[in-house]
Structures are given as structure tokens and as C-alpha cells.
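Asks: Per our numbering, the sequence shown starts with residue 55, numbered consecutively.
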Amino acid sequence: MSEHGSVKEARVGLARCLAAESRPTEAAEELRRALVEDGAVPAEWELLAELAALAAVDGRGLAARLSGLVDAMRHAPVAARDSLARTALAALDEDDASAEAIEGIEDIEDIKDIEDIEDIALDDLVSTSDGSGTDIAHLAARLAVLRGDIDSAQRLLRAVPALRQHPDLRGVAVTVQARDLVESLRPELAREVLDGDVDHAGEPVDTVLRALSLYVETIDHRVVLDYIEGVPPRPELTVISVLALLRSAAAEPPGRGRRALVDRARRELTPVGREDRFRPEALLLRAQVLLEGTIDLEEGRRVLARALRHLGWNPNQLLWWRVQDRLRDDDVFDYFRVELAAANGVVWDAVDAATRTNGASLDQLQRAALYERWGDALESLGETADAARRHGAAIEAFTAAGRPDLALGSAREAARLDPAPAGSLALVELLWAASERSDGAQAASLLREAMEELDRLDPHLIADDAPRACLLRGLVLARRDEELGRCTNWSALPYLLLAVLARPDEPRWAGHLAAALDRSGLHRAASAFGAAGRRDIETDPWMLETGLVTALDWRGSLDDEMHQLLVRLRSAGMFDAPDSRHWPETVVGIASVLSGDHETLARNVHEMVLDTPLARFHRACAILLTQGIGRARPHLEEVRRESRATGAHDLAAASGLVLDPDSVARDLDAGTRSGSVGPAVAAELRALAVLASEGDSHDRAQELCEGVSDRCRPYGLRELRNLHLAGVVAAGLLPPDSPVVLRVREAVDERLTEIGDGDQLPFVAEIRSGEAASCQPGLQHAVFVLLEHAWMRKIDDPSGPPDLRHLACDTWEGPTASVLTRDAAVHRVGA
Numbered sequence: 055m056s057e058h059g060s061v062k063e064a065r066v067g068l069a070r071c072l073a074a075e076s077r078p079t080e081a082a083e084e085l086r087r088a089l090v091e092d093g094a095v096p097a098e099w100e101l102l103a104e105l106a107a108l109a110a111v112d113g114r115g116l117a118a119r120l121s122g123l124v125d126a127m128r129h130a131p132v133a134a135r136d137s138l139a140r141t142a143l144a145a146l147d148e149d150d151a152s153a154e155a156i157e158g159i160e161d162i163e164d165i166k167d168i169e170d171i172e173d174i175a176l177d178d179l180v181s182t183s184d185g186s187g188t189d190i191a192h193l194a195a196r197l198a199v200l201r202g203d204i205d206s207a208q209r210l211l212r213a214v215p216a217l218r219q220h221p222d223l224r225g226v227a228v229t230v231q232a233r234d235l236v237e238s239l240r241p242e243l244a245r246e247v248l249d250g251d252v253d254h255a256g257e258p259v260d261t262v263l264r265a266l267s268l269y270v271e272t273i274d275h276r277v278v279l280d281y282i283e284g285v286p287p288r289p290e291l292t293v294i295s296v297l298a299l300l301r302s303a304a305a306e307p308p309g310r311g312r313r314a315l316v317d318r319a320r321r322e323l324t325p326v327g328r329e330d331r332f333r334p335e336a337l338l339l340r341a342q343v344l345l346e347g348t349i350d351l352e353e354g355r356r357v358l359a360r361a362l363r364h365l366g367w368n369p370n371q372l373l374w375w376r377v378q379d380r381l382r383d384d385d386v387f388d389y390f391r392v393e394l395a396a397a398n399g400v401v402w403d404a405v406d407a408a409t410r411t412n413g414a415s416l417d418q419l420q421r422a423a424l425y426e427r428w429g430d431a432l433e434s435l436g437e438t439a440d441a442a443r444r445h446g447a448a449i450e451a452f453t454a455a456g457r458p459d460l461a462l463g464s465a466r467e468a469a470r471l472d473p474a475p476a477g478s479l480a481l482v483e484l485l486w487a488a489s490e491r492s493d494g495a496q497a498a499s500l501l502r503e504a505m506e507e508l509d510r511l512d513p514h515l516i517a518d519d520a521p522r523a524c525l526l527r528g529l530v531l532a533r534r535d536e537e538l539g540r541c542t543n544w545s546a547l548p549y550l551l552l553a554v555l556a557r558p559d560e561p562r563w564a565g566h567l568a569a570a571l572d573r574s575g576l577h578r579a580a581s582a583f584g585a586a587g588r589r590d591i592e593t594d595p596w597m598l599e600t601g602l603v604t605a606l607d608w609r610g611s612l613d614d615e616m617h618q619l620l621v622r623l624r625s626a627g628m629f630d631a632p633d634s635r636h637w638p639e640t641v642v643g644i645a646s647v648l649s650g651d652h653e654t655l656a657r658n659v660h661e662m663v664l665d666t667p668l669a670r671f672h673r674a675c676a677i678l679l680t681q682g683i684g685r686a687r688p689h690l691e692e693v694r695r696e697s698r699a700t701g702a703h704d705l706a707a708a709s710g711l712v713l714d715p716d717s718v719a720r721d722l723d724a725g726t727r728s729g730s731v732g733p734a735v736a737a738e739l740r741a742l743a744v745l746a747s748e749g750d751s752h753d754r755a756q757e758l759c760e761g762v763s764d765r766c767r768p769y770g771l772r773e774l775r776n777l778h779l780a781g782v783v784a785a786g787l788l789p790p791d792s793p794v795v796l797r798v799r800e801a802v803d804e805r806l807t808e809i810g811d812g813d814q815l816p817f818v819a820e821i822r823s824g825e826a827a828s829c830q831p832g833l834q835h836a837v838f839v840l841l842e843h844a845w846m847r848k849i850d851d852p853s854g855p856p857d858l859r860h861l862a863c864d865t866w867e868g869p870t871a872s873v874l875t876r877d878a879a880v881h882r883v884g885a
């Protein structure tokens, strides 16, 4: 005997002595130590059997004893297994095992060991011909009945027909009959059969089948749940509760009623997932709750795939699934059938279920997911045209469901399957929209993909698609400008202008153009195109905001109509979000700064807390005008730092007027190079900086007055008089009664009287006056021609619009392909 063997035998001997002295816990510990020692004697299965025997006296109960015996069977030779099985059967008889007596089986970690006994029994029956395995089969069948696992019990009785004569298994035949009646949707007959078997009434399988029969019989979940609440709890009963709630939920229209039932089903399901034995079917049921309740589409699909993997891709092994699959014929379950077939890779089943579903009771997200899965299945069958159409329907439904991220995935599929212009343009629009919700590398990637798709599509465009292609290219370029930190959208303007000229009846297109014009300093045209929004309050609050902002940016004041518009915007919920709650107060404050209404400004300055660069600049100026330079300085310094970092050189220069006039030139030079500051505005700020630095200067006053006579933007004139000049005075750099100050104020007032609200001026007025300019002359020329075209159309000029065909592709930087020069598109615009 080896040294290691002696240690093992010594530990076993010590354990037996301890057991004899009624010290089972210490004995069990010694046996566990013996298990890790080397040596063939005693065998591992013998030690496991002794551990199981100790479980009977150390307080761990029947569950631990059975688990230990099954573990021993797995390691024992075939000849010894029946003996162990007889020991386990005796333990069941000694403890008068009922459903309650073995509840502990469901709570121990190694429950899988208990279930392995069926496999052990069936293996022994196959591998031997001497009758071995009968006792194990008996034990396995009895445990299956006590657990309510009638399918396992039936398999074992078929393998060993003699088991049907055992008194403790005679009820299996009755149970199988009742189970088959429930599965064939004859619940009343099933209950009659169960009522005749009084010996097994109240056992787990009896209560499960009765609950399942009620589920089949009524769609009212309350009937099922009332019964379940009156019997001992079991995981199988919780599953049936969830099924009943889901069936009732599907009968409700989409909305609060359905959501409440689904939420309750989700709460009911939570404890089942903690039971290891029920993990695969709990996963399947959880996936069903997530998908039928549209709680989380992506998570539902992941859980469904995991559940099917655990179930061997065959949910039909589950009784409750088979019953449900036969019973339910509603749209919501048909949708789940589509998801199940797709996850299982059964293409024909997915198409069949999708075709059968009319979608009337599905919510938008379910309808979108259905179309998506349907499209995938059709593609697998080679029906690409139909697949593309289904993905197209999914795009609309995902968008309506508020899931543009999922709509983008469907758009990619639709464009891949059918590269026709309509699908590709839908993809580009979603890519642009996704970039609006992103930033950094992700936004850049989305915009690059959008531009590549437009370039690919361009040679294939027809006249009807060209305007939308122009719009989308303009939107993508405008968004790219923002991501690159550019303060203007000049590169986008030719495309947006051409699109709106081609489709003047698209107010939202005009809104996008207005926003780009406003960012590029072309405020006269921006206010005109943005005005369409003020006629569309109920349908598009964003258009209302665009109309108000562009009008304010042009006029520099709020009239009664604009004040009423702010009230209407608030009523429409436009300012409910935390980041826009103070938008109206900030707009009113900016208008007060520009109008010189310091009394109103002093009352409202504390409400100008909108967190945007322009809003922070005007708040700093409001503090300067009402509280003095001492309070305003830190705010202005912060604005200047931020503006320099983001390329907003006009705000940096304007802040520097009162902080450090000598630094203004540097910021203006940078703004002129980038195109963010027009020459007229630059000349005005330079002259003001010299006045602020050197004091009264006749030459600078003359220069400012001459510049005023050429200005056409009322906002800019009010800004000069009531913000820039007033700020220099408030900072103590010029006296308020200075001849220069009085002279400039008078010149501004005269010019404002002359031009009024400026709405009679042509769209190109700011380009002619030098208040707006692009650093690319060819691009500026193209925009000028298109704006003239739009103005002549607006005033019904009898000479007609200009000929646009001379706008060659190389007149501005950036890819234009042939969208703007194709005869069909150009003639359409010129019509």
C-alpha cells in the first residue's frame, strides 16, 4: 500500500469513527478530504455514497441525500448502480416523499445531478441485457413525477413497461392522458380525467395540468392567476401565469393596458430565472416577454438565441410551448413566431408566419421588426426585390416608432438589395440624421458613408430624384462643416438652394436652407425662407423656432407677432426639455440688448441662462450694460476663450472690444481668413477697437458712419448702436456724450429709418454690402446667382429667372458631380 493510499484510508477510517460517535459534519469533512487523496481504495463512488448517507443524519435533508446518491451513481460501475438506486428509493419511502418533501431539490446548486439520473438509467438499460437499470429507472421516474416532469416519466415508463405496476407510478398513465387532452386543447376533458385520480390530487403535476387547462380554456388571465394563487407555488405555475398575462396583453390594443399586463408578466417571471432547472425555458419566456411587450428588441433577440441554443434549437420539447403554439392565433404571437423562426434559421417558417400576420394589433416597433425579419428571410430565398420592399417598410415603421438607429440598419439593407435612387436617398437621409445624434469619429464616419453613397448614386439620378439628392448633399456638407468646427455653411448653400428652388412647396426643406443661410451670414434670405415655419405651428415646432430665430437675426427686434409666436411655442411644449427651458427668456433678453431697452434687460438678465455660445455672449453683454464692466469681465473673458477655441472669431472680437481693444485685430484677421466674419463687419469692429483704445477720433467716426450708410442688416445696425458702441461706453472707454458716440448713433438711426425692417431688400443685399462673404469666390458667385434667381421668382420679375446652366461643376470647391448641371435638373429649376 502506498503512502498516499494510507492517508486516504486513514481519513476514511477517521470519518467512520466520527460518524459512529454521532459527529456527521466532521465525518463528512474527512470524507471530502479523502476524495482528493490518491488511491484506488475505497473507490470514489463508495465515498460519495457514504457522504450521501451522512446527509441523512447531519440535517441537510432528503435533497442533499438524493443528490449525493445520484453523484455516486454517475461514478459507480453498472453493477453497483441498482443498489444505490434502491437506497434512494428507500430514502423516498422513509421520508414519505411528497411534493413538499422534495422542494429542496429545486434550491440546491447541483440540481442538474438529480436530473442526470434519467440519462444514467436509460444508458444502463441500453448497455445491459440482464435487467440492470430497472431500479434506477424506477427512481428516475418517481423523481420526475414528484417534480411534475411528466414527459421524463413517460419516457422511462415506455422504456420499462413493468414500472407501470408500481403503486407510486400508476398515476402516470392518468397524468399522460390529461396532458395529451390539454395539449389537444380539450381542457374540460383533461380536468375530468384529473378529477378521477383522487390519489394524486394536489401533487405538482396535477396542479400544473389544471392551471394549463385553465390557460387553454379562457383568455382571462385573472381566472388562471386566481387558481395558481390558491395552490403551493412552483416555477412551472409561474410560467403558466406569464403565459396567461401575455395572452391577455395581446388581446389589448397597443397602449397602457397592454403595457401594464406585460410589466406584470415581467415581474412574475423574475423568480423563475433564478431556478437553474428552469433556465432554458425561463430564457425563452423572458425573450417572449421582451419581444411581445416591445420592452427591448435587441436584448429580446439575444436572449431568444441563447434560449434556443440551450434547448437544442427545439422549443417543442416544452409542454407549455407546444400548448401555447397550438392555442394562440393572434398577431402578437405570430410576430414572435417570426422572431423564433428567424433565430432558428428556419426561413420558410419565418416567411409563413410573417405572411399570416396582418399586423393590425402590433405596435410600430413590432411591425418594423416583423418587416425586418421578413426581408431577411426573403433575401435568403433569393427574392431580393421583395426583400428590399420589406426593408423599406421597416424603415418607415422604425422611424415612426422613434428608433432611427434601427431604421438606419434597414435602410442599409434596402439600399444593398436594391440600389435604386429612392432607397439610396433614404439611406443618406438616415445617415445624416444619425450624424446629428453623434459627434467625433462616429459622426465623421456616418457623413463619409453618406457622401460616398451620394457620389455612387449621382450618375444614375433622374430628374425627379435630383432635388432631394441636392438637399441631402447640402445637409451632409452643412453637418460636416459643424463637425470640422466651421462657423459657416457656404459649401452647402448651392445644393440647398437648388433643392428649394426645385421644390418650393417643401417648407421643411426651406427651413434647412434658412438655417444654413443664417449660419453663413446671409440673414436676409434666411429670414425669408424661415418665414414658412411660422405658418406651421401644429405640425412642426422646429420650423417655428427656425422662423423666429432667422427673423430675429435679420431684424434684431421682436414684434408683436414674434412675442405671440414665443407663447405658442411654449404651449406646443417646445421648451419643456431641460436644455431649452430658458430659450424664450434668452431670446427676449437678446432682443432687449439690441433694442437698448436696459430697463427690461435689468429685470430679465438673470433668466438669460440658455447654454449656447451666442446666448452666453449676450448674457455677458447684458451684465455689462446693466451692472458694469466689473461684473461682466469674467463672463466676457470666458466667452472669448471659448470662441477662440471653437473658431467663433466674431464673438471673440466683439468680447475683446471692452477687454483688450488691441487684441481685436488678431481675432478679425482669423475670422476673415475662415469666412466667419464679413469685410463690412470686420471694418466696423476694427474702427470701434481703435476708438476704444485711443478715444475720440474724427477719422474713425467718419469711417463708421460711412460703413453704416452701406449696411443693410437691421440686426447689425442695432448691434453696432446698442451693443458694441454702448458696451464701449459702459466699460468707460468712451464718454456717453462723446461727439463720436452721438454721431454714430445718429447715423444708425437714420439708416434704420431708411431701410425699415429690411424685408424689401433683395436676398443678395448682404453680399453686395460686404456684410457676408465666402473665402471661396467661385462658391460665393454660385450662391449669389441662385439667390438672385430666388429673389426674382419671389417678386415675379417679368424678365424671368437667370439661366443656371453656366454654373459649372468647378465653380466651387467640393464634389458636385453633375447634380447641378444635368439638363433635366437645371431645366426643372429654371421652369
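Using N, Cα and C, we set each Cβ at its ideal position, and we do this for glycine too.
Measuring alpha carbon to alpha carbon, tell me which residue in Arg720, Leu481, Ala142 and Asp607 is nearest Ala523.
Replies: Residue Leu481 is the option with its Cα nearest to Ala523.
Asks: Beta carbon of Phe817, beta carbon of Ala836: below 7 Å?
Replies: no
Asks: When burial is assigned at 16 or more other CB atoms within 10 Å of the CB, is Leu45 buried or exposed?
Replies: For residue 45 there is no data in the structure shown, the boundaries of the chain being 55 and 885.
Asks: Within the segment 715-752, note down every full alpha helix (DSSP H) run reaching 4 residues or more, in order along the chain.
Replies: 718-728 and 733-748
Asks: Would you identify the three-state DSSP class for Lys166, choosing helix, strand or coil?
Replies: Here Lys166 scores only 42 on pLDDT, less than 50, and its place in the model should not be relied on; the value that follows carries that caveat. Here Lys166 carries a helix assignment [DSSP, helix/strand/coil].
Asks: Buried or exposed: Gln834, going by 16 or more other Cβ atoms within 10 Å of its Cβ?
Replies: buried
Asks: Using the C-alpha atoms, what's the distance from Ser267 back to Pro241?
Replies: 5 Å
Asks: Quick one: what's got a C-beta closer than 7 Å to Leu484's C-beta in the same chain, skipping five residues either side?
Replies: Pro458, Ala461, Leu462 and Ala465
Asks: Taking DSSP as the reference, what is the three-state secondary structure of Asp330?
Replies: Low confidence applies here, because Asp330 scores a pLDDT of 49, under 50, leaving its location unreliable; read the following figure in that light. Note: Asp330 maps to helix in three-state DSSP.
Asks: Per DSSP, what kind of secondary structure is Pro458 in: helix, strand or coil?
Replies: The answer is helix: DSSP assigns Pro458 an H, G or I state.
Asks: Confirm, please, whether the CB-CB distance from Ser478 to Glu506 is below 7 Å.
Replies: No, these two residues do not count as a Cβ contact at 7 Å.
Asks: Skipping 5 residues on each side, what residues in its chain have a beta carbon closer than 6 Å to that of Ala19?
Replies: Nothing about residue 19 can be reported from this structure: the residues present for the chain run from 55 to 885 only.
Asks: Please state whether DSSP places Pro131 in a helix, a strand or coil.
Replies: Of the three classes helix, strand and coil, the one that applies to Pro131 here is coil, per DSSP.
Asks: Evaluate Asp92 with the Cβ neighbour count: other Cβ atoms within 10 Å of its Cβ, from every protein chain shown; 16 or more gives buried, anything less gives exposed.
Replies: exposed
Asks: Exposed or buried, what is His275 when buried is set at 16 or more other beta-carbons lying within 10 Å of its beta-carbon?
Replies: buried
Asks: Along the alpha helix (DSSP H) that carries Thr604, what are the first and last residues, could you check?
Replies: It spans Pro595 to Arg609 - the alpha helix (DSSP H) in which Thr604 sits, taken as one unbroken run.
Asks: Run through DSSP, which three-state label would Ile273 get?
Replies: coil
Asks: Taking C-beta to C-beta, are Val530 and Leu501 nearer than 7 Å?
Replies: yes
Asks: Does DSSP classify Met887 as helix, strand or coil?
Replies: Absent from the model: residue 887. The displayed extent of the chain is 55 to 885, so no value can be given.
Asks: With contact counted as at least three CB pairs below 8 Å, one residue from each stretch, are the segment 685-694 and the segment 705-712 in contact?
Replies: yes
Asks: Quick one: residues in its chain with C-beta nearer than 6 Å to the C-beta of Ala626, no 5 flanking neighbours on either side, listed in chain order?
Replies: Pro595
Asks: Give the list of continuous alpha helix (DSSP H) stretches no shorter than 4 residues that lie fully inside the segment 401-487.
Replies: 401-410, 418-434, 438-454 and 458-471
Asks: Which residues in the same chain as Ala676 place their Cβ atom closer than 7 Å to its Cβ, once the five residues preceding and following it in sequence are excluded?
Replies: Gly643, Val647, Leu655, Val659 and Met662
Asks: Taking Cβ positions only, does Leu351 come closer than 7 Å to chain C?
Replies: Protein chains in the displayed structure number just one, and chain C is not present.
Asks: Please determine, among Val762, Ser60, Thr141 and Pro78, the residue with the shortest C-alpha to C-alpha distance to Ala103.
Replies: Thr141
Asks: If contact is defined by three or more beta carbon pairs under 8 Å, each pair taking one atom from either stretch, is the segment 293-304 in contact with the segment 258-273?
Replies: yes
Asks: Does the beta-carbon distance from Ser823 to Ala734 come in below 7 Å?
Replies: yes
Asks: In the structure shown, what three-state DSSP assignment does Gln814 receive?
Replies: Coil.
Asks: In terms of residues, what are the limits of the alpha helix (DSSP H) holding Ala255?
Replies: Element bounds for Ala255: n/a, residue is neither H nor E.
Asks: Indicate whether the contact test is met: 3 or more Cβ pairs, each with one atom in the segment 789-805 and one in the segment 553-560, closer than 8 Å.
Replies: No, they do not touch.
Asks: Fully enclosed by the segment 620-670, which alpha helix (DSSP H) runs are 4 residues long or longer?
Replies: If we require 4 residues or more, the alpha helix (DSSP H) runs fully inside the segment 620-670 come out as 637-649 and 652-658.
Asks: Between Gly650 and Leu777, what straight-line distance do the alpha-carbon atoms span, to the nearest angstrom?
Replies: The straight-line gap from Cα to Cα measures roughly 8 Å.
Asks: In angstroms with no decimal places, state the Cα-to-Cα distance between Arg128 and Trp99.
Replies: 8 Å
Asks: Pull up the distance between the alpha-carbon of Glu757 and that of Ala741, whole angstroms please.
Replies: 7 Å
Asks: Just to confirm my understanding: we take Asp811, look at its own chain, exclude 5 residues before and 5 after, and list those with CB closer than 6 Å. What are they?
Replies: Cβ-Cβ distances below 6 Å link Asp811 to Arg609 in the same chain, with the five nearest sequence neighbours on each side left out; the list follows chain order.
Asks: Once the 5 residues before and after Gly732 are set aside, which same chain residues still bring their CB inside 7 Å of it?
Replies: Sequence-distant partners of Gly732 (beyond 5 residues in either direction) whose C-beta falls short of 7 Å from its own C-beta, in its chain, are Gly575, Gly824, Glu825, Ala826 and Ala827.
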